[in-house]
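Student: One structure, pasted below without further comment.
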Amino acid sequence: MFDNKSILITGGTGSFGHKYTKTILERYKPKRLIILSRDELKQYEMQQKFNVPCMRYFLGDVRDGDRMEQAFRDVDYVIHAAAIKQVPAAEYNPMECIKTNIYGAENVIKAAISNKVTRVIALSTDKAANPINLYGATKLASDKLFVAANNMVGEGKTRFSVVRYGNVVGSRGSVVPFFKSLIESGAASLPITHEEMTRFWITLQDGVDFVLKNFSRMQGGEIFVPKIPSVRITELASAYGPSLKQEIIGIRPGEKLHEIMCPRDDSHHTIEFDDHYVITPSITFFGKEHNYHTNLLGEVGNLVEMGFEYNSGNNGHFLTQAEITAMDKNA
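The sequence shown begins at 0 in numbering that gives the first Met the number 0 and counts up one residue at a time.
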């Protein structure tokens, strides 16, 4: 699907962008693979690792609509990964988060439509479901923008979908590198926000693979949610520092006890497939009819029961300490 195609990823110098680039170069022969980000140092560092003829490195910010118009020329597929993601930073810098996560999403949509990009997938987060923090609220707004963008296309060919998943093992700024740094520095304890806290857990490779597969599945307007395990924060701390005490420090600003990926209020729009869920659009796309129960790969799903909620606290699969350690090694 991606052979001889031009692919662009916004925020491409992040953890996802590195793993995505490695995966694409190993499996396909793209015409161009464009890394768009605003940090020239990260681009320089990434060039030392990925410097093959098809690679392109564009400096630019999703807040800059004109630059997006230039960057998206002759591009076939776009992954929108650029975002301000740190929950406390977003709480203390709300306007900056809104400019990137909402206005930036609008710029990506406009540039994709005007340049006739074939398919766009926007990366979302479990925090966008029933959000209680600004980051989650901006990503919910972004999700709504990308779903509704399918109505803005008119007779055009561009299709937009969203991929939503949970915490990524070992991604920059996440709890695992933080725990590891404390352990390496000789800490006597690990800070735990709440003893009952849970999170969805996915490896970076699994996240990349899920996104890639959904380019083949998507019809436009879907929010794709993978079926993934949950982890208890106490089990996570015990897996990495089994001999260390756990110090309860309290829930941080804007943080939830459990995360949700398919809200109960969306159960009448949620279809279950073998390895994932799809939240279908709540709006009607004029002139377009999609049977979301059967995707473009021929996979068939069924509507979930009314009131169903996919919650990290009531998930059927919780990782053991041994599974956490094994998942970390694979990651």
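For every residue, glycine included, the Cβ atom is placed at its ideal position computed from N, Cα and C. This structure is a prediction, so every number in the text was calculated from the model and none was measured.
Let's see if you can read the secondary structure: which residues bound the beta strand (DSSP E) around residue 5?
Tutor: 5-9
Student: Could you check whether residue 122 and residue 80 sit closer than 8 angstroms to each other, using their CB atoms as the reference points?
Tutor: Yes, these two residues count as a Cβ contact at 8 angstroms.
Student: Distance check for residue 29 and residue 56, CA to CA, integer angstroms please.
Tutor: 15 angstroms
Student: Taking residue 160 as the reference, which of 192, 223, 267 has the closest Cα?
Tutor: 223
Student: Alpha carbon to alpha carbon, what distance is there between residue 45 and residue 235?
Tutor: 30 angstroms
Student: Between 21, 94, 142, 182, which has its C-alpha nearest residue 280's C-alpha?
Tutor: 142
Student: On a Cα-Cα basis, can you pick out the residue from 117, 301, 162, 175 that is closest to residue 328?
Tutor: 175
Student: From residue 129 to residue 52, what distance separates their C-alpha atoms?
Tutor: 43 angstroms
Student: Just mark residue 228 as buried or exposed, buried being the case when its beta carbon has 16 or more other beta carbons within 10 Å.
Tutor: buried
Student: Could you check if residue 131 is buried or exposed, using at least 16 other CB atoms within 10 Å of its CB as the buried criterion?
Tutor: exposed
Student: Determine the closest residue to residue 195 out of 211, 230, 185, with distance taken between C-alpha atoms.
Tutor: 230
Student: In angstroms, rounded to a whole number, what distance separates the CA positions of residue 177 and residue 237?
Tutor: 14 angstroms
Student: Hey, residue 4 and residue 76 are a contact pair by Cβ (cut 8 angstroms); roughly how many whole angstroms apart?
Tutor: 6 angstroms
Student: Looking only at C-alpha atoms, which of 201, 242, 259, 111 sits nearest to residue 189?
Tutor: 242
Student: For residue 200, which of 226, 104, 191, 182 has the nearest alpha-carbon?
Tutor: 226
Student: Exposed or buried, which one is residue 246 when buried takes at least 16 other CB atoms within 10 Å?
Tutor: The residue is exposed, with fewer than 16 neighbouring Cβ atoms inside 10 Å.
Student: Considering just the uninterrupted stretch of the alpha helix (DSSP H) at residue 261, what are its terminal residues?
Tutor: It is not in any alpha helix (DSSP H) - residue 261 instead sits in the beta strand (DSSP E) that spans 259-261.
Student: What is the residue span of the beta strand (DSSP E) that residue 101 lies within?
Tutor: No beta strand (DSSP E) contains residue 101, which DSSP labels as neither H nor E.
Student: So the alpha helix (DSSP H) residue 77 belongs to, where does it begin and stop?
Tutor: Taken as a continuous stretch (DSSP letters only), residue 77 belongs to no alpha helix (DSSP H), being part of the beta strand (DSSP E) at 76-79.
Student: Kindly indicate which residue of 15, 67, 78 has the alpha-carbon position closest to the one of residue 8.
Tutor: 78
Student: Of the choices 84, 74, 65, 67, whose alpha-carbon is the least far from that of residue 14?
Tutor: Sorting 84, 74, 65, 67 by C-alpha distance to the C-alpha of residue 14 places 84 at the top.
Student: Going by Cα to Cα distance, which pick from 318, 326, 215 is closest to residue 296?
Tutor: Per the Cα distances, 215.
Student: Around the Cβ of residue 153, are there at least 16 other Cβ atoms within 10 angstroms (buried) or fewer (exposed)?
Tutor: exposed
Student: Let's see if you can read the secondary structure: which residues bound the alpha helix (DSSP H) around residue 137?
Tutor: 133-151
Student: Excluding five sequence neighbours on each side, which residues of the same chain lie with their C-beta closer than 8 angstroms to the C-beta of residue 92?
Tutor: For residue 92, the CB contacts under 8 angstroms within the same chain, skipping 5 residues up- and downstream, are 83 in chain order.
Student: Can you say whether residue 72 is buried or exposed, counting buried as having 16 or more other CB atoms within 10 angstroms of its CB?
Tutor: exposed
Student: Thinking C-beta only, is residue 67 closer than 8 angstroms to residue 110?
Tutor: yes
Student: What are the start and end residues of each continuous alpha helix (DSSP H) run of 4 or more residues lying completely inside the region 223-275, in chain order?
Tutor: 232-239
Student: On a Cα-Cα basis, can you pick out the residue from 120, 298, 97 that is closest to residue 211?
Tutor: 120
Student: Buried or exposed for residue 272, please, with buried defined as at least 16 other CB atoms from any protein chain shown within 10 angstroms of its CB.
Tutor: buried
Student: Please report the distance separating the alpha-carbon of residue 138 from that of residue 162.
Tutor: Using only the alpha carbons, I get a separation of about 11 angstroms.
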